[in-house]
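J.: This is the structure, below, for whatever I ask next.
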Amino acid sequence: MTSIEETSNDHFLRLFTTTEPALRGFVRSLVPTTTDADDVLQEVAITLWKKYSEFAGDSEEDFRRWAFGVAKFKALSWRRDQGRDQHVFSDDMTNLLAEDSESNLGKLAAQRTALKVCLDKLSPEQKSLVEVAYAPGAKIEQIAQSLGRTAMALYKQLHRIRNSLVECTRTEIRKEDW
Amino acid sequence: MTSDDQKSIWMEEYVRGSASAETVAKLEEALREEPDFREPFLEYLNVDLALSLEAAFTPKKEDAPLSIQRRYRVKSLTITSIAAVLALLLIGTWWFTNHESPTFATVTNRVGAGELEPGTNLGEERVDLSRGILEIKSARGAHIVVEAPAAFQFESDQQLRLFYGKVAANVPESAHGFSVLTSTGKAIDLGTEFGVDVPQDGGDAEIHVFEGEVIAQAQNGNRKNILGGEAFSLHKENGGERELRSAAFVLPDEFALLHVDGAEQLRSKSDAVLTTLRSDPALIRLLDFESEADLPEGQYRIVQGRWPGLRAPEFVETGDHIKLDVGGNRDLPQLTLAAWIRLDRLGAPYQSLLHTDGWDQSNPGQVHWMVTHHTTMRLALSGNTLAAGSSETQGYPDSITPVLPDKGRWVHLATVYDSDKRTVRFYINGEFDSESRQDVAHPARLGPSEIGNWDLRDRKLSGRIDELILLARIMSDTELRELYEAGNPYR
């Protein structure tokens, strides 16, 4: 490997690592589940890496624009590839969400930061449920069975936890405004 | 409006990945119809993401002790309150359609979504138009085009009061004397085609006459005859001459060319092409002016774009511009520039499209893109020279087909530069126009630039620009044809 290639690799890694949190958030807003978002993000990363030698911009902001462009493209083709069993939004709605998500970049990043504070406010039971349910590869049905509960009950409780966290992050962000 | 609880349930099913087709469709409808719901929706997805990231970095605990609460309630709107709302809506519609009122004019056609359906009769009521373009025919036969946002009211079949917005009228003999009233004065037709622009922020009204003659009458009674090709600003006290801005109005004959149906369809076709471009690694910048957060710096105002619902910047005053800093300090062996433009008129010495700051032979390859007053499109790069025997007389690569302001219609312009082949190719409305050969051809350079002006000496772009594309590669004839077709607002 030549030193020029190393420099280019370093450059790519630096840009990608800086952009990754925002990019992940952007992709998440375009597909139904976190697993879907992981799949799309993987595709995006591969494309960015493969085509990096043709990248015409030079700033972090240029890279972010391009990465978001690729992400939207991949999210749209992902949704077209979904079989009839997976129900997804139309192209138009995906475009609309992409626009909103991109114009709320800062806010969404602030929300993810605020979430760390909010997680501490959950009860120990709520915290453990989140940890188990969100663990990689977790199956809600199995967790429910081991707890002697229905899967539906767990889904509902997770939903309430997410809603209370959304509320809490709003309060936290407002505090920072003062 | 869907109840918050209902939306919350749909959201949960969606995020779980088990929403039915019906639920997804309902959720999509709610997101489309209620823009205020989109932010909480994105917040919810974002929290879901943040939780999965947290959990991924938390060491897994085996058999974590859990006690799950069983109690939860799902609130629902009572049937009676829904019925009450429906009843109110029905009574309102019935009252509206049955209320007697004289008919001064009729909505004959509409482009884009909007408040009034074609066929609606207009009496004395005030109309607030937030979306779309309306074509209205007065009882005496005047053709009137109103572009949103606007508020107006017919006071008789010969008088239209314009609170704000843009109105263009084509007045046949049967309707001579048709007038448009504004808070600062009025325009009385003498057999013509004219436009009146009343800014929403309360600025002075302007009268633009395209053909024939109009009397401008200020509030104090002072009158002035304005002929075709002239424009006039109505101040409270008197008035002043203005430059004619044909691109500022949709005239009745242009309205007839716009796609009346399927503006949404056109938009998704255009979106598909732009989405592909946005993922192109060679893309330097694509400006479509649709997202508020992505509006570039500068001095301009945002007006309606190529079709209702789309936005574009408008340049009116000398020195209006957009500031860009793109492409960095890099050599670009190939460069494609493309944009939709809508010119008020030709300007001397030229209408600036994109000018990099300065013009310095020590920085060869600097790009200047413009429409000259000889009606040609020009791409000049500093330090470049034309090949011997070139037909251009001005020393720069110029297109052959004239780029006419053609009563302010939208036209698509593109130019493709290749420093390796030493060629400049011009395209107008997706059609290849001509190829200019260079003798010296430096790689193109961008950097700090202005759209609509040049930093060294004020240049004017009078009109609108939309969907500006800067791409660090060659676009083929086919690609440019497709780009034009996807974005063309006319049938």
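As they're listed, the protein sequences go chains A and V.
Under my numbering, the letters of the first sequence match residues 1 to 178, in that order.
Under my numbering, the letters of the second sequence match residues 179 to 669, in that order.
Where a beta carbon is used, it is the ideal one built from N, C-alpha and C, also for glycine.
Because the structure is a prediction, the values reported are computed rather than measured.
1. For a contact meaning CB atoms closer than 8 Å, what does A/Q111 contact in chain V?
2. Can you check whether the CB of A/E172 is closer than 9 Å to the CB of A/V117?
3. Are the segment 627-647 of chain V and the segment 528-540 of chain V touching, with three or more C-beta to C-beta distances below 8 Å?
4. Between the Cα of V/F610 and the Cα atoms of V/M653, V/R600, V/I647 and V/G630, which residue gives the shortest distance?
5. According to the neighbour-count rule (16 or more other Cβ atoms, all chains shown, within 10 Å of its Cβ), is V/P626 buried or exposed?
6. Within 8 Å, do at least three Cβ pairs link the segment 101-108 of chain A to the segment 121-137 of chain A?
7. State yes or no: is the C-beta of V/S575 within less than 9 Å of the C-beta of V/A592?
8. Does the Cβ of V/H551 have 16 or more other Cβ atoms within 10 Å, making it buried, or fewer, making it exposed?
9. Would you please state the rounded distance, in angstroms, between the beta carbons of V/S352 and V/G319? I believe it to be under 8 Å.
10. Check whether the Cβ atoms of V/A622 and V/P459 lie closer than 9 Å to each other.
11. In the DSSP output, which residue or residues are listed as bridge partners for V/F604?
12. Kindly give me the distance between the Cβ atoms of V/P430 and V/N348, rounded to whole angstroms, as I take these residues to be in contact under 8 Å.
13. Taking the DSSP output, what are the residues bridged to V/A490?
14. What are the residues in the segment 86-104 of chain A lying within 8 Å of chain V by C-beta distance?
15. Beta-carbon within less than 7 Å of V/E325's beta-carbon, same chain only, minus the 5 sequence neighbours each way: which residues are those?
16. Could you check the C-alpha separation between V/E495 and A/D39 for me, to the nearest Å?
17. For the candidate residues A/A144, A/S101, A/E167 and A/W78, whose alpha-carbon lies nearest to that of A/A43?
18. Count the CB pairs spanning the segment 120-130 of chain A and the segment 54-72 of chain A that are closer than 8 Å, and state whether there are at least three.
19. What first and last residue would you give for the alpha helix (DSSP H) that runs through A/I140?
20. So, is V/D498 buried or exposed, given that buried needs 16 or more other C-beta atoms within 10 angstroms?
21. Buried or exposed for V/D158, going by 16 or more other Cβ atoms inside 10 Å?
22. With 9 Å as the threshold, decide whether the Cβ of A/N9 is near any Cβ in chain V.
23. Any beta carbon of chain V sitting closer than 9 Å to that of A/F16?
24. So if I threshold CB-CB distances at 7 Å, which residues from the segment 122-149 of chain A count as touching chain V?
25. Could you check which residue in V/L405, V/D182 and V/S540 has the C-alpha nearest to that of V/S560?
26. Tell me the residue span of the beta strand (DSSP E) that contains V/S530.
27. In chain V, which residues lie with their C-beta within 7 Å of the C-beta of A/L115?
28. Have a look at V/H546, V/P213 and V/P580 and flag the residue whose alpha-carbon is nearest the alpha-carbon of V/L524.
29. CB A/L154 to CB V/V225, shorter than 9 Å?
30. Closest Cβ-Cβ distance between V/E470 and chain A: below 9 Å?
31. Can you name the residues that DSSP bridges to V/F372?
32. On the three-state DSSP scale, how would you describe V/S446?
33. Run the CB neighbour count on V/W485, radius 10 Å, all protein chains shown included, and call it buried at 16 or more, exposed below.
34. Using a C-beta to C-beta distance shorter than 7 Å, which residues of chain D count as neighbours of A/R24?
35. Checking contacts by CB at 9 Å: is V/P459 closer than that to chain A?
36. From V/G399, V/P377 and V/P218, pick the residue whose C-alpha is nearest to that of V/K185; which is it?
T.: Reading it off the structure:
1. Residue 111 of chain A sits at position 111 when you count from the first residue of the first sequence. Chain V residues near A/Q111: E221, N224, V225 and A228.
2. Taking the first sequence and counting its residues from 1, one reaches residue 117 of chain A at position 117. Taking the first sequence and counting its residues from 1, one reaches residue 172 of chain A at position 172. Against a cut-off of 9 Å, the Cβ pair of A/E172 and A/V117 comes out as a contact.
3. yes
4. Counted from its first residue, the second sequence places residue 610 of chain V at position 432. Comparing Cα positions, the closest option is V/M653.
5. Walking along the second sequence from the start, residue 626 of chain V turns up at place 448. Per the 10 Å Cβ criterion, exposed.
6. no
7. Your numbering for residue 575 of chain V matches position 397 in the second sequence. Your numbering for residue 592 of chain V matches position 414 in the second sequence. Sequence inspection shows Pro at residue 575 of chain V; the Ser mentioned does not correspond to that position. No, Cβ-Cβ distance for V/P575 and V/A592 is not below 9 Å.
8. As a working mapping, residue 551 of chain V is identified with position 373 in the second sequence. With fewer than 16 Cβ atoms within 10 Å of its Cβ, V/H551 is classed as exposed.
9. By 1-based counting over the second sequence, the position of residue 352 of chain V is 174. By 1-based counting over the second sequence, the position of residue 319 of chain V is 141. Contact holds; Cβ gap of about 5 Å.
10. In the second sequence, counting from the first residue as 1, residue 622 of chain V sits at position 444. In the second sequence, counting from the first residue as 1, residue 459 of chain V sits at position 281. Not closer than 9 Å, so no.
11. Position 426 of the second sequence, counted from the start, is the residue given in the question as residue 604 of chain V. Partner(s): V/T593 and V/S612.
12. Here residue 430 of chain V refers to the residue found at position 252 of the second sequence. Here residue 348 of chain V refers to the residue found at position 170 of the second sequence. That belief holds up - the Cβ atoms of V/P430 and V/N348 are roughly 4 Å apart, short of 8 Å.
13. Counting from one through the second sequence, the residue named residue 490 of chain V turns up at place 312. According to DSSP, V/A490 bridges with V/V481.
14. Q86, H87, V88, F89, S90, D91, D92, M93, N95, L96, L97, E99, D100, S101, E102, S103 and N104
15. As a first step, residue 325 of chain V is located in the second sequence; it is residue number 147 there, counting from the start. Closer than 7 Å at the Cβ level, and outside the excluded window around V/E325, lie I311, G343, K344, V428 and Q482.
16. For this step, residue 495 of chain V is matched to residue 317 along the second sequence. For this step, residue 39 of chain A is matched to residue 39 along the first sequence. Whole-angstrom Cα-Cα distance: 50 Å.
17. Along the first sequence, one-based indexing puts residue 43 of chain A at 43. The question names Ala, but residue 43 of chain A is Glu in the sequence shown. With distances taken between Cα atoms, A/E43 lies closest to A/W78.
18. no
19. Here residue 140 of chain A corresponds to residue number 140 of the first sequence, with the count starting at 1. That run of the alpha helix (DSSP H) goes I140 to L147.
20. For the purposes of this step, residue 498 of chain V is taken as the residue at position 320 of the second sequence. Counting Cβ neighbours within 10 Å, V/D498 comes out buried, since at least 16 surround it.
21. Within the shown structure, residues of chain V are numbered from 179 to 669, placing residue 158 of chain V beyond reach of any answer.
22. Reading the first sequence from its first residue, position 9 is the one you call residue 9 of chain A. Cβ-Cβ to chain V under 9 Å: no for A/N9.
23. As a position in the first sequence, residue 16 of chain A is number 16, starting the count at 1. Closer than 9 Å: no.
24. E125, S128, L129, V130, E131, V132, Y134, A135, P136, L147 and R149
25. By 1-based counting over the second sequence, the position of residue 560 of chain V is 382. For V/S560, the nearest C-alpha among the options comes from V/S540.
26. Numbered from its first residue, the second sequence carries residue 530 of chain V at position 352. Looking at the DSSP string, the run of the beta strand (DSSP E) that includes V/S530 is Y528 to T534.
27. Along the first sequence, one-based indexing puts residue 115 of chain A at 115. What A/L115 touches in chain V: V225 and A228.
28. Translated into the one-based positions of the second sequence, residue 524 of chain V becomes position 346. Of V/H546, V/P213 and V/P580, the residue nearest in Cα terms is V/P580.
29. If you number the first sequence from 1, residue 154 of chain A lands on position 154. If you number the second sequence from 1, residue 225 of chain V lands on position 47. No, they are not a contact pair.
30. By 1-based counting over the second sequence, the position of residue 470 of chain V is 292. Yes, contact with chain A.
31. For the purposes of this step, residue 372 of chain V is identified with residue 194 of the second sequence, where counting begins at 1. V/A347 and V/V387, per the DSSP bridge assignment.
32. For the purposes of this step, residue 446 of chain V is taken as residue 268 along the second sequence, with counting starting at 1. Three-state DSSP puts V/S446 in a helix.
33. Taking the second sequence and counting its residues from 1, one reaches residue 485 of chain V at position 307. Buried is the call here.
34. Note that chain D does not occur in the displayed structure, where the protein chains are A and V.
35. Mapped onto the second sequence, residue 459 of chain V falls at position 281. Answer yes: the Cβ-Cβ gap between V/P459 and chain A drops below 9 Å somewhere.
36. The residue labelled residue 185 of chain V in the question sits at position 7 within the second sequence. Comparing Cα positions, the closest option is V/P218.
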